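Position in the sequence shown (from 1) plus 299 gives the number in the numbering used here. Take a look at the structure below.
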Amino acid sequence: MSIHLEIPASIAAELSRLRAAGDRPLLVGGAVRDALLGLSVHDFDVASRLPPAELASLYPRVDPRLGAAQVPQQGLELTVTSMRRDGVYTDQRRPDRVEFVTTPEEDAVRRDFTINA
């Protein structure tokens with residue numbers, strides 16, 4: 300199976316920016332799901348090995364607790380998040396605690412794969 304995901308220039312520029320900072324960013328989440336479904340992609344999520352403090356040196360607004368940066372783009376959504384392991388979700392929305400990790404395998408444990416089934 301092969302999928303085609305056209306990455307807009309503004310998103311590609313942010314991926315290059317992360318690589319220049321020593322990262323190996325990975326596309327995750329909705330962009331991958333939508334590409335698998337053959338849908339157009341407008342929401343890009345990137346998993347980063349950079350800890351929140353290093354992301355904050357690249358992006359002005361990083362949530363230090365979750366390690367997430369919303370990066371404004373032209374008509375697109377881009378979220379860059381430090382790879383992490385989540386604790387329990389008492390409120391069913393946000394984890395009570397997180398631990399930042401550096402491998403995609405550890406980060407993937409917290410992600411679902413429902414494809415909106």
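Yeah, the Cβ is synthetic: ideal placement off N, Cα and C, and Gly gets one too. Bear in mind the structure is a predicted one, so any value in this text is a computation, not a measurement.
Cut-off 6 Å between Cβ atoms - residues of its own chain near residue i, not counting five sequence neighbours on either side
{"i": "D333", "result": "V340"}
{"i": "F343", "result": "I310, A330 and L377"}
Nearest-angstrom beta carbon gap, residue j and residue i [assumed within contact, 8 Å]
{"i": "L365", "j": "I310", "result": "Contact flag wrong, Cβ pair sits at about 21 Å."}
{"i": "L354", "j": "V327", "result": "Actually they are not in contact, since the Cβ atoms of L354 and V327 sit about 15 Å apart, beyond 8 Å."}
{"i": "L357", "j": "A330", "result": "With 8 Å as the limit, L357 and A330 do not qualify as a contact, their Cβ atoms being about 20 Å apart."}
Sub-7 Å separation of residue i and residue j beta-carbons
{"i": "L349", "j": "D385", "result": "no"}
{"i": "P403", "j": "L325", "result": "yes"}
{"i": "P351", "j": "P359", "result": "no"}
{"i": "D395", "j": "V387", "result": "yes"}
Where residue i sits in the DSSP three-state scheme
{"i": "E305", "result": "coil"}
{"i": "S339", "result": "coil"}
{"i": "R384", "result": "strand"}
{"i": "A320", "result": "coil"}
{"i": "V379", "result": "strand"}
{"i": "V331", "result": "helix"}
Cut-off 7 Å between Cβ atoms - residues of its own chain near residue i, not counting five sequence neighbours on either side
{"i": "E405", "result": "M382 and R384"}
{"i": "V400", "result": "M382, R383, R384 and D406"}
Candidates the options, of which the one nearest residue i by Cα
{"i": "L314", "options": "D395, R360 and Q372", "result": "Q372"}
{"i": "L317", "options": "V370, D390 and V408", "result": "V370"}
{"i": "A320", "options": "S347, R410 and A367", "result": "S347"}
{"i": "S301", "options": "T389, G337, A368 and V397", "result": "G337"}
{"i": "A368", "options": "V345, P307 and D411", "result": "V345"}
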